[in-house]
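Participant: Pasting a structure below so you can have a look.
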Amino acid sequence: NLEVCPKCDHHMAIRARARLNSLFDPDTATTEIAAQLGPVDVLKFKDQKRYGERIKASQKSSGEYDALIAMRGTLKGNPLVAAAFDFAFMGGSMGSVVGERFARAAEVALEVGCPFVCFSASGGARMQEGLFSLMQMAKTSAALGRLREAGLPYISVLTHPTTGGVSASFAMLGDINIAEPHALIGFAGPRVIEQTVRETLPEGFQRSEFLLDHGAIDQICDRRDLRDRIADLTAMMMRQPHPQDAAA
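The sequence shown begins at 10 in the working numbering and counts up one residue at a time.
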């Protein structure tokens, strides 16, 4: 059920590999992009813990080397590159490895001549990497610019939560921006904004439904329907025949 409650339709957290496996055709996502890259504590950052210790703890608990996984495969027979955030790794925060994997995934899509899809779930830029992390906002946006120049589609899927530097860069740069129901999407959190502007803000103003009503995103799609929706949209944008599953 893709971690969606069959009774109330609540969308729970889903791991990145499970999400990608649910998107690609079976046994086609065999090429993982830049899987060998791992984070480095260049700044020797320390808060309550050393950054290097946080990295090791997150790698052990999540089973991943960093917060973004990118793969190449097919979707209903058509080539596709897709990336997904794993919120279990340091809150899906974006550091140098996330930015590099995203950029390399976009480069693979450019080489293959296929669409690129990214599922965002992030607390934003990774503070332990300082400006190295913030630089990824420009780096990922530039990578998407090259895709745009080549006329290749980029679909951004915003899931709960998509915030901070991720929402302020590639997550909102899709040719089509799709959100899952009730996802929290914004730059700063609602409490931070209220404390800053000292005003009571509209209820749910950072949820996907509010953003759709106010033109900030293009669509809301149930997770269980995302595969078909993305297949239809990418085929239409690539001017390909209507896609069908192999079993069909």
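Positions of the beta carbon are idealized from the N, C-alpha and C atoms, including for glycine.
Values in this document were obtained by computation on a predicted structure and should not be read as measured data.
#1: Need the endpoints of the alpha helix (DSSP H) that Phe292 sits in, please.
#2: With DSSP collapsed to three states, give me the class of Thr209.
#3: Taking 8 Å as the threshold (beta carbon to beta carbon), is Ile187 in contact with chain C?
#4: Within a Cβ cutoff of 6 Å, which residues of the same chain sit near Asp237, ignoring the five residues on either side of it in sequence?
#5: By DSSP, does Leu89 sit in helix, in strand, or in coil?
#6: Between Asp234 and Asp95, what straight-line distance do the alpha-carbon atoms span, to the nearest angstrom?
#7: Is Lys69 helix, strand or coil by DSSP?
#8: Can at least three beta-carbon pairs, one atom from the region 159-170 and one from the region 108-122, be found at a separation below 8 Å?
#9: Taking all protein chains shown into account, do 16 or more other C-beta atoms lie within 10 angstroms of the C-beta of Leu167, making it buried, or fewer, making it exposed?
#10: Using the rule of at least 16 other Cβ atoms within 10 Å of the residue's Cβ for burial, across every protein chain shown, is Asp75 buried or exposed?
#11: Unbroken beta strand (DSSP E) runs of length 3 or more, entirely within the region 41-69: which are they?
#12: Determine the contact status of Ala278 and Lys85, defining contact as a CB-CB distance below 8 Å.
#13: How close, in whole Å, do the beta carbons of Leu182 and Arg216 come, if the pair is a contact with beta carbons under 8 Å?
#14: Can you say whether Pro170 is buried or exposed, counting buried as having 16 or more other CB atoms within 10 angstroms of its CB?
#15: Among Leu77, Glu12, Arg24, which residue has its Cα nearest to the Cα of Met103?
#16: On the DSSP bridge list, what partners appear for Arg216?
#17: Report all residues from its chain with a CB closer than 8 Å to the CB of Thr172; omit the five preceding and five following residues, and keep chain order.
Facilitator: The relevant details are as follows:
#1: With the chain covering only 10 through 257, there is no way to say anything about residue 292.
#2: Sequence index remark: in the sequence shown, residue 209 carries index 200 (1-based). In the structure shown, Thr209 sits in coil (DSSP, three-state: anything other than H, G, I, E or B).
#3: No chain C appears in this structure, which consists of one protein chain only.
#4: Translated into the one-based positions of the sequence shown, residue 237 becomes position 228. Nothing listed; no residue qualifies.
#5: The residue given as residue 89 occupies position 80 in the sequence shown. It is a strand residue.
#6: Position 225 of the sequence shown holds residue 234. Position 86 of the sequence shown holds residue 95. Looking at the two C-alpha atoms, the distance is approximately 20 Å.
#7: Within the sequence shown, numbered from 1, the residue matching residue 69 stands at position 60. Residue state, collapsed to three classes: helix.
#8: yes
#9: Residue numbering aside, residue 167 sits at position 158 when the sequence shown is read from its first letter. It counts as buried.
#10: Walking along the sequence shown from the start, residue 75 turns up at place 66. By the neighbour-count rule (16 or more Cβ atoms within 10 Å), Asp75 is buried.
#11: none
#12: One cannot answer for residue 278 here, as it falls past the ends of the chain, which runs 10 to 257.
#13: For the purposes of this step, residue 182 is identified with residue 173 of the sequence shown, where counting begins at 1. For the purposes of this step, residue 216 is identified with residue 207 of the sequence shown, where counting begins at 1. Not really, about 20 Å apart at Cβ, beyond 8 Å.
#14: As a working mapping, residue 170 is identified with position 161 in the sequence shown. Buried.
#15: Working through the sequence shown from its first residue, we reach residue 103 at position 94. Ranking the options by Cα distance to Met103, first place goes to Leu77.
#16: If you number the sequence shown from 1, residue 216 lands on position 207. Beta-bridge pairing links Arg216 to Leu193.
#17: Sequence index remark: in the sequence shown, residue 172 carries index 163 (1-based). Taken in chain order, the residues that qualify are Ser131, Gly132, Gly133, Leu193, Ile194, Gly195, Phe196, Ala197, Gly198.
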